[in-house]
Structures are given as C-alpha cells and as structure tokens.
Amino acid sequence: MTITRPVHQLLIFIFMACIYHHDASAKGIGHLQMERIKGFPVSEKGIEKGVSACFAGIVDDYLIMAGGCNFPDVPAADGGKKKFYQGIYAAKISTTADSLDWQLIGKLPEPCAYGVSVSLSNGLLCMGGCNAEGSFNQVFKITIEQGKAVVEAYPALPWKLDNFAGSLGCSTMMVYDGLHIAQLQLEDLQKGWQILSPLTSEVLGQPVCGYTDGAFYAWGGCTSKTDKQDAQLQMQGYQFTKSGAKPVEGPRTCQQEEIYLGGATAVNCGDAGIVVLGGVNKDVFEAAVNRPMPGYMKHPIAWYRFNPYINLYKNGKWTLLGSHEVAARAGASLVFDGTYVYIIGGELKPGIRTAEIYRFRLPL
212 MTITRPVHQL LIFIFMACIY HHDASAKGIG HLQMERIKGF PVSEKGIEKG VSACFAGIVD
272 DYLIMAGGCN FPDVPAADGG KKKFYQGIYA AKISTTADSL DWQLIGKLPE PCAYGVSVSL
332 SNGLLCMGGC NAEGSFNQVF KITIEQGKAV VEAYPALPWK LDNFAGSLGC STMMVYDGLH
392 IAQLQLEDLQ KGWQILSPLT SEVLGQPVCG YTDGAFYAWG GCTSKTDKQD AQLQMQGYQF
452 TKSGAKPVEG PRTCQQEEIY LGGATAVNCG DAGIVVLGGV NKDVFEAAVN RPMPGYMKHP
512 IAWYRFNPYI NLYKNGKWTL LGSHEVAARA GASLVFDGTY VYIIGGELKP GIRTAEIYRF
572 RLPL
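Every position in the sequence shown, counted from 1, becomes a number in this note's numbering once 211 is added.
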C-alpha cells in the first residue's frame, strides 16, 4: 500500500499529539506552536499578579480584558480575601510583536468575575458574573470610541448567573448552566431572552459552551455537594438544535480516558470548530469536593493535574490537537482573533493565578 504525502503528514501529526504530554516543550507540540506574549494590565493594584474568570474578546483591532479576580495579598490557602477587578483594558493586536501594551480605557458597572463574554462584529458582549456582594443578571456591550470604553446596556438575563457558559451562533446568543438555559436574538432585542427547558434538575457549575455546524454544544460542569448527595461531575455534553437537545460525548485522551471539561474554557474558531482546553482533573477535583482533606490547597501545582489537553470539536467528533503545560489552567479566558487563539490568565492551582498570556495558530 502506498501512503500519499498528505496522509503521511496527517499520521505524523496524530502520532505526535498522542506521544507528547504535560511537560512538552513550550516551543510547540506537533504542528501546534505556542508563543508567549509579554504584558499584562497593571493599572489596578494587585491585577499584575494575574486573574482568572475575566471577560475577554476582540473589539475592532484590540484585545480586550475586563474584570477578573485573584488573591493579591494573603494566599487563598492561608485564608486570603478574593479581590474582584473593575477595569476595562485594551491592547492593540499585532501578528509580529511579542508583547501587548495594555491601557486602561474604562470601568465595568461593578467589579466582576465568572461571567460570560463573546466577541461580536461591533463590540464585546458581557453577561452575568459575580463579586463578593452577589451575582448579576446584567448584560452589556463594550465598544471603543476615541480611545475610551463605551458600555451599552442589553436586555438583562432572566436570572442572576455566575460560573455559567455561553456562546454566539449566527445572531443568537445562548447561556447555559444545565438548569438555566436561554437564548437572545441579537437582531431582535425587543423580544428579550427566551427561556428554554432545563436539562438538569440542578445547576452545573463551570461548564463550557460553543457553536459549530449550525448547532450549540455544551459540556462539563458539576452539581454542588449537599447533605444528601455528593457533587456529580457531568462528563457528557449536549447538542442543541431546533428539534431539541440530545446527548453527545465529551473528549478523550489518546488512551481513551474521558476528559472532564469543568473549569475548562472554550472559544468558537469559525469554520475550524470549537477549541476547548484546560480545566480541572476529574479524579482530583471529585475527591476534593466530596471528600475534602486538610491541606488540600497547599500542594505543589503538579499535584492537581489540571488538564493540559487542547481539543477541537467539529463535524460531530473530537480531535486532540495536543497536550501542553500552558493549557493546564482553570478559569482561563480564550479569544480567537481570526488568526490566533489567545490564552489569557487563569489559575495554575486552586487560588494561584497566572499573568501569562500565550497564543497559537490552529493547524489548519
């Protein structure tokens, strides 16, 4: 049998993706080249230490970050207080420069983290989130005029939501946490949010959501532990179409082990599909939630085994693009600018954030 050159290259890529693992070189893995981009916001005290769960996206030719949270003073493991940020930051995107010059261009209505943001053709849509005072149902669009952020109110969510997921498909915005599901037609805002039937009887915390091939998809998340039952991790996902929702499988490693997508992050990448990376390790996380042990927060980063996997979902199937230490984050933000996927912030272990930003091109 003769193997043609394109098929031979594809086989090499699949083989390399399977043999590389968590400690792969930061130079790249297979055909996936990971590039460190210097620079992080510094205009709010403490934010320079890195944040997780911030709003992020593209406005015009600028990369936008807003909000997020961290433990800037006393570490979380020692009982530190979480700080929520309010600044809106912009940095001009360049395909050649290896740094971002972040400028403070405005403020969110409130300090906020754990919301959902999606890039529109004319701004960044931000939804929900929370701070130390409680959760939000506010929705607003961020644009830039004369170098300053403009915040425009949109129809509020039907509920106050945080640690949920959302995605944009064509002109429809969907939000999801299993129990709360709703859609907003961006071309007909007067209709407001249309509530869909729940798929679970309890909220799924920190799922992911995306849109490809004419349908919305959601994976991951977990229920809360109660006195009556343990927390349950959601391994399967759902496909949403006009005819309803149906279960779909989540990603797997090359050894066919299920990858849990709770705490992961996802972004739509146009015709390429949905990129999903990071998140917590299902075994470590499940044990910590249901059988907490003293000293859990004080282990070294490697002990938590955050998922290093970079996955792509397209045409009803998962492709494991690679495994990289940079992807082993929870609560990071992903942004696609049409060329690069940017990985912004997140936590490396419970309570410890990173101020590092990386980007990579999809192997198209």
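In this text, a Cβ means the ideal position worked out from N, Cα and C, and glycines have one as well.
Here the structure is a predicted model, which is why all the values come from computation and not from measurement.
Are the Cβ atoms of residue i and residue j separated by less than 8 Å?
{"i": "residue 501", "j": "residue 517", "result": "no"}
{"i": "residue 379", "j": "residue 325", "result": "no"}
{"i": "residue 265", "j": "residue 544", "result": "yes"}
{"i": "residue 562", "j": "residue 504", "result": "no"}
{"i": "residue 478", "j": "residue 386", "result": "no"}
{"i": "residue 377", "j": "residue 556", "result": "no"}
{"i": "residue 475", "j": "residue 431", "result": "yes"}
{"i": "residue 365", "j": "residue 336", "result": "yes"}
{"i": "residue 312", "j": "residue 302", "result": "yes"}
{"i": "residue 446", "j": "residue 471", "result": "yes"}
Nearest to residue i by CA position, among the options, is which residue?
{"i": "residue 269", "options": "394, 352, 433", "result": "352"}
{"i": "residue 459", "options": "345, 343, 420, 391", "result": "420"}
{"i": "residue 542", "options": "407, 532, 487, 273", "result": "487"}
{"i": "residue 340", "options": "296, 383, 305, 361", "result": "296"}
{"i": "residue 316", "options": "278, 348, 285", "result": "278"}
{"i": "residue 559", "options": "250, 271, 255, 287", "result": "287"}
{"i": "residue 412", "options": "388, 400, 354, 515", "result": "388"}
{"i": "residue 368", "options": "571, 465, 404", "result": "404"}
{"i": "residue 513", "options": "499, 539, 506", "result": "539"}
{"i": "residue 359", "options": "319, 549, 374", "result": "319"}
{"i": "residue 464", "options": "520, 439, 443", "result": "520"}
{"i": "residue 338", "options": "355, 362, 357", "result": "362"}
{"i": "residue 494", "options": "564, 443, 567, 481", "result": "443"}
{"i": "residue 355", "options": "466, 345, 272", "result": "272"}
{"i": "residue 482", "options": "424, 496, 497", "result": "424"}
Mind checking residue i: buried by the 16 CB within 10 Å criterion, or exposed?
{"i": "residue 238", "result": "Here the model assigns residue 238 a pLDDT of 35, short of 50, so the residue's position is not dependable and the matter cannot be decided."}
{"i": "residue 455", "result": "exposed"}
{"i": "residue 382", "result": "exposed"}
{"i": "residue 252", "result": "buried"}
{"i": "residue 333", "result": "exposed"}
{"i": "residue 435", "result": "exposed"}
{"i": "residue 400", "result": "exposed"}
{"i": "residue 526", "result": "exposed"}
{"i": "residue 307", "result": "exposed"}
{"i": "residue 511", "result": "exposed"}
{"i": "residue 473", "result": "buried"}
{"i": "residue 285", "result": "exposed"}
{"i": "residue 440", "result": "exposed"}
Give a single yes or no on whether residue i has its beta carbon closer than 7 Å to a heavy atom of the ligand COA.
{"i": "residue 243", "result": "In the structure shown, the ligand COA is absent, as is every other ligand, since no ligand is present at all."}
Only counting the same chain, and skipping five residues up and downstream in sequence, which positions put a Cβ closer than 8 Å to that of residue i?
{"i": "residue 216", "result": "Confidence in residue 216 is poor, its pLDDT being 42 and thus under 50, which makes the residue's placement unreliable; the coordinate value appears in the next sentence. Nothing listed; no residue qualifies."}
{"i": "residue 293", "result": "280, 281, 282, 287, 343"}
{"i": "residue 418", "result": "375, 376, 387, 388, 389, 429, 430, 431, 432, 445, 472, 473"}
I think residue i touches residue j, with their Cβ atoms under 8 Å apart; what is that distance to the nearest whole Å?
{"i": "residue 524", "j": "residue 484", "result": "5 Å"}
{"i": "residue 304", "j": "residue 275", "result": "With 8 Å as the limit, residue 304 and residue 275 do not qualify as a contact, their Cβ atoms being about 10 Å apart."}
{"i": "residue 310", "j": "residue 267", "result": "Not quite, the Cβ-Cβ distance comes to about 17 Å (not below 8 Å), so this is no contact."}
{"i": "residue 529", "j": "residue 462", "result": "4 Å"}
{"i": "residue 415", "j": "residue 433", "result": "6 Å"}
{"i": "residue 346", "j": "residue 372", "result": "6 Å"}
Using C-beta distances below 7 Å, list every residue in its chain close to residue i, excluding the 5 sequence neighbours before and after it, in chain order.
{"i": "residue 569", "result": "245, 246, 247, 248, 537, 554"}
{"i": "residue 234", "result": "Low confidence applies here, because residue 234 scores a pLDDT of 34, under 50, leaving its location unreliable; read the following figure in that light. Around residue 234: 536."}
{"i": "residue 426", "result": "450, 451, 452"}
{"i": "residue 402", "result": "396"}
{"i": "residue 254", "result": "298, 315"}
{"i": "residue 571", "result": "243, 244, 245, 246, 551, 552"}
{"i": "residue 220", "result": "Interpretation of residue 220 is limited by its pLDDT of 39, a score under 50 that renders its predicted location unreliable; no figure is taken from the coordinates."}
{"i": "residue 232", "result": "The pLDDT assigned to residue 232 is 38, lower than 50, so where the model puts this residue is not dependable; a value taken from the coordinates is nonetheless given after this. Once the five neighbours on either side are set aside, the close Cβ partners of residue 232 are 534."}
{"i": "residue 291", "result": "282, 284, 285"}
Go through its chain and collect everything with a Cβ distance to residue i's Cβ below 6 Å, but skip five positions before and after it.
{"i": "residue 394", "result": "383, 385, 405"}
{"i": "residue 468", "result": "none"}
{"i": "residue 258", "result": "252, 296"}
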